[in-house]
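The opening residue of the sequence shown carries number 508 in our numbering; numbering runs sequentially from there. Where is the CB? At the ideal position from N, CA and C, for every residue including glycine. To keep things clear, I will list the structure first and then write my remarks on it.
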Amino acid sequence: MSKTYFIRTFGCQQNTADSERIASRYEARGFFPARDIAEADIVVINTCMVRDQAEERIYGLIRNLREGNPDVGIVVTGWLVGAAVREPSGKMAKKIASRLPGATLLPIDEVGFEHPPKRASGGLASIVIGNGCGNFCSYCIVPFSRGKEVSRPFADIVAEVAEAVAEGKDEILLLGQNVNSYGADFLTDRVREKESYTLPDGRKVEPVMVEHLGKHRVPTLFPYLLETVAGMPGVSKVSFLSSNPWDFSDELVSVIARHRNIDRTLHLPIQSGSDRVLRAMNRWYTKGEYLTLVDRIRTAVPEVRFTTDIIVGFPGETEEDFEETMDVARRVRFYKAFVAQYSPRPGTASERMQDDVPHAEKKRRFRELDRLVLTLSGREHLLGKTAKEDIP
Numbered sequence: 508m509s510k511t512y513f514i515r516t517f518g519c520q521q522n523t524a525d526s527e528r529i530a531s532r533y534e535a536r537g538f539f540p541a542r543d544i545a546e547a548d549i550v551v552i553n554t555c556m557v558r559d560q561a562e563e564r565i566y567g568l569i570r571n572l573r574e575g576n577p578d579v580g581i582v583v584t585g586w587l588v589g590a591a592v593r594e595p596s597g598k599m600a601k602k603i604a605s606r607l608p609g610a611t612l613l614p615i616d617e618v619g620f621e622h623p624p625k626r627a628s629g630g631l632a633s634i635v636i637g638n639g640c641g642n643f644c645s646y647c648i649v650p651f652s653r654g655k656e657v658s659r660p661f662a663d664i665v666a667e668v669a670e671a672v673a674e675g676k677d678e679i680l681l682l683g684q685n686v687n688s689y690g691a692d693f694l695t696d697r698v699r700e701k702e703s704y705t706l707p708d709g710r711k712v713e714p715v716m717v718e719h720l721g722k723h724r725v726p727t728l729f730p731y732l733l734e735t736v737a738g739m740p741g742v743s744k745v746s747f748l749s750s751n752p753w754d755f756s757d758e759l760v761s762v763i764a765r766h767r768n769i770d771r772t773l774h775l776p777i778q779s780g781s782d783r784v785l786r787a788m789n790r791w792y793t794k795g796e797y798l799t800l801v802d803r804i805r806t807a808v809p810e811v812r813f814t815t816d817i818i819v820g821f822p823g824e825t826e827e828d829f830e831e832t833m834d835v836a837r838r839v840r841f842y843k844a845f846v847a848q849y850s851p852r853p854g855t856a857s858e859r860m861q862d863d864v865p866h867a868e869k870k871r872r873f874r875e876l877d878r879l880v881l882t883l884s885g886r887e888h889l890l891g892k893t894a895k896e897d898i899p
């Protein structure tokens with residue numbers, strides 16, 4: 508008798524892309540997709556734990572699954588599993604052992620790229636260009652849940668885009684925790700030895716050196732990768748997620764300006780408009796530098812619109828700090844802001860800070876900022892219909 512699987516995905520587009528690879532992994536082993544989660548022999552839960560409430564929803568789902576069908580096989584993958592392995596205090600490993608007894612844990616690192624992803628219908632193909640992050644923002648568990656930054660080979664990414672186009676996909680979404688530092692992990696030695704990099708088309712190029720605070724921070728190939736994908740036959744639109752402000756090079760801005768099929772909606776997380784809070788978050792830019800970057804992009808790409816991520820209620824955030832964030836929202840006029848109320852994550856630096864902003868105040872700031880962004884973007888009709896307040 509054939510076995511069936513069902514994948515439940517929480518979180519961001521990268522998790523969705525990972526689930527497409529997980530589906531291929533199971534079908535290569537003879538499994539068939541179940542029509543409904545209640546009919547599956549195995550349920551794979553691809554987890555997110557950016558916020559505490561997202562994590563609790565996962566535990567609730569597993570509890571309900573077991574109550575409905577004690578014999579169902581449960582496989583847990585994604586952020587929870589990665590954090591359990593890497594989070595240095597051991598808190599996550601203990602929590603998972605106590606709250607997920609009997610579940611099979613599948614590290615996402617073990618799900619490779621040997622099988623073509625089982626893509627959803629429609630014209631969009633999500634292409635993972637790298638995984639992990641080494642920036643260690645003080646509130647963020649990604650370095651533990653995803654590990655250090657590892658870039659896929661340039662040629663492999665281009666080949667996957669070509670395969671997706673051959674399947675009828677004409678929109679490409681390039682995904683990574685920090686796409687605009689793509690290649691930094693394998694370029695460092697080349698830069699030290701002053702070696703060029705050979706692209707799949709045979710061109711020899713010099714890695715782009717991203718400058719920040721007057722220093723060369725990382726070498727990257729992302730401008731070349733983005734331009735290559737934008738120029739491939741059959742690609743009508745290219746988008747990318749996510750990018751950090753401190754790695755947004757002039758070369759990247761120029762590539763976006765030159766290619767009309769690169770999405771004019773850019774996601775540029777700011778997290779806070781307060782320089783003091785940004786320092787506590789270990790974000791390596793100031794409010795002024797962020798606004799200068801926005802102006803530079805708008806000068807080159809006048810039709811651009813920005814989306815962002817913002818955390819309210821970070822430890823020590825005062826009303827004056829919050830007003831600095833509101834000021835940025837007024838000046839940038841974000842098309843969309845994914846606003847989250849701060850919640851401490853295990854193993855992060857901010858977990859050791861005093862979570863001193865009351866929950867009611869976090870909620871007030873969330874609502875005030877959400878209202879401002881929706882109003883300025885002309886989307887007031889969405890007031891009261893946005894995502895749950897604690898989930899970005």
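Limits of the alpha helix (DSSP H) - the one that residue i falls within
i: residue 873; result: 866 to 883
i: residue 765; result: 757 to 765
i: residue 828; result: 826 to 839
i: residue 642; result: Careful: residue 642 lies outside any alpha helix (DSSP H) and carries neither H nor E.
i: residue 611; result: Not the alpha helix (DSSP H): residue 611 falls in the beta strand (DSSP E), residues 611 to 613.
i: residue 667; result: 661 to 673
i: residue 800; result: 794 to 807
i: residue 523; result: 520 to 535
i: residue 566; result: 559 to 575
i: residue 733; result: 729 to 737
i: residue 603; result: 598 to 606
i: residue 784; result: 782 to 788
i: residue 651; result: 649 to 652
For residue j and residue i, believed in contact at Cβ under 8 Å, the rounded distance
i: residue 789; j: residue 644; result: 5 Å
i: residue 800; j: residue 747; result: With 8 Å as the limit, residue 800 and residue 747 do not qualify as a contact, their Cβ atoms being about 16 Å apart.
i: residue 624; j: residue 524; result: 7 Å
i: residue 841; j: residue 814; result: 6 Å
i: residue 876; j: residue 836; result: 6 Å
i: residue 771; j: residue 798; result: Actually they are not in contact, since the Cβ atoms of residue 771 and residue 798 sit about 19 Å apart, beyond 8 Å.
Top-ranked residue by Cα proximity to residue i, from the options
i: residue 767; options: 742, 751, 758; result: 742
i: residue 570; options: 589, 680, 605; result: 605
i: residue 529; options: 795, 559, 620, 587; result: 620
i: residue 552; options: 810, 615, 576; result: 615
i: residue 640; options: 754, 628, 661; result: 754
i: residue 539; options: 872, 511, 671, 854; result: 511
i: residue 685; options: 537, 515, 635, 677; result: 635
i: residue 565; options: 576, 550, 577; result: 550
i: residue 646; options: 835, 862, 807; result: 862
i: residue 762; options: 794, 808, 664; result: 808
i: residue 629; options: 591, 677, 532, 599; result: 677
i: residue 514; options: 561, 600, 582; result: 582
i: residue 758; options: 731, 545, 751, 773; result: 731
i: residue 633; options: 612, 669, 679, 663; result: 679
i: residue 724; options: 792, 852, 532, 805; result: 792
i: residue 869; options: 834, 750, 885, 848; result: 848
i: residue 749; options: 704, 649, 695; result: 649
i: residue 670; options: 602, 740, 716; result: 740
i: residue 744; options: 596, 668, 728, 715; result: 668
First through last residue of the beta strand (DSSP E) which encompasses residue i
i: residue 848; result: 843 to 848
i: residue 466; result: For residue 466 there is no data in the structure shown, the boundaries of the chain being 508 and 899.
i: residue 632; result: 631 to 635
i: residue 585; result: 580 to 585
i: residue 513; result: 511 to 516
i: residue 889; result: Segment: none, residue 889 is in no beta strand (DSSP E) and carries neither H nor E.
i: residue 681; result: 678 to 682
i: residue 622; result: Counting along the chain, residue 622 falls outside any beta strand (DSSP E), and DSSP gives it neither H nor E.
i: residue 812; result: 812 to 819
i: residue 769; result: Careful: residue 769 lies outside any beta strand (DSSP E) and carries neither H nor E.
Environment of residue i [buried if 16+ CB atoms lie within 10 Å]
i: residue 850; result: buried
i: residue 608; result: exposed
i: residue 637; result: buried
i: residue 899; result: Any reading at residue 899 must be qualified, since the residue scores a pLDDT of 33, below 50, and its modelled position is unreliable; the value itself is stated next. Answer is buried; the Cβ neighbour count reaches 16.
i: residue 779; result: buried
i: residue 585; result: buried
i: residue 895; result: Its pLDDT being 43, under 50, residue 895 is placed unreliably in this model, and the value from its coordinates should be taken loosely. It counts as exposed.
i: residue 516; result: buried
i: residue 890; result: exposed
i: residue 864; result: buried
i: residue 589; result: buried
i: residue 526; result: buried
i: residue 712; result: exposed
i: residue 832; result: buried
i: residue 794; result: buried
i: residue 855; result: buried
i: residue 888; result: exposed
i: residue 828; result: buried
contact_flag[the region 773 to 785, the region 812 to 825] where n(CB pairs < 8 Å) is 3 or more = As far as the Cβ criterion goes, the region 773 to 785 touches the region 812 to 825, which means the pair count is three or higher.
Touch check for the region 684 to 692 and the region 655 to 662: three-plus C-beta pairs under 8 Å?
-> By the Cβ test, the region 684 to 692 is in contact with the region 655 to 662, since at least three Cβ pairs between them sit closer than 8 Å.
Pair every Cβ in the region 726 to 740 with every Cβ in the region 698 to 708, then say whether three or more of these pairs are closer than 8 Å.
-> Output reads yes: the region 698 to 708 touches the region 726 to 740.
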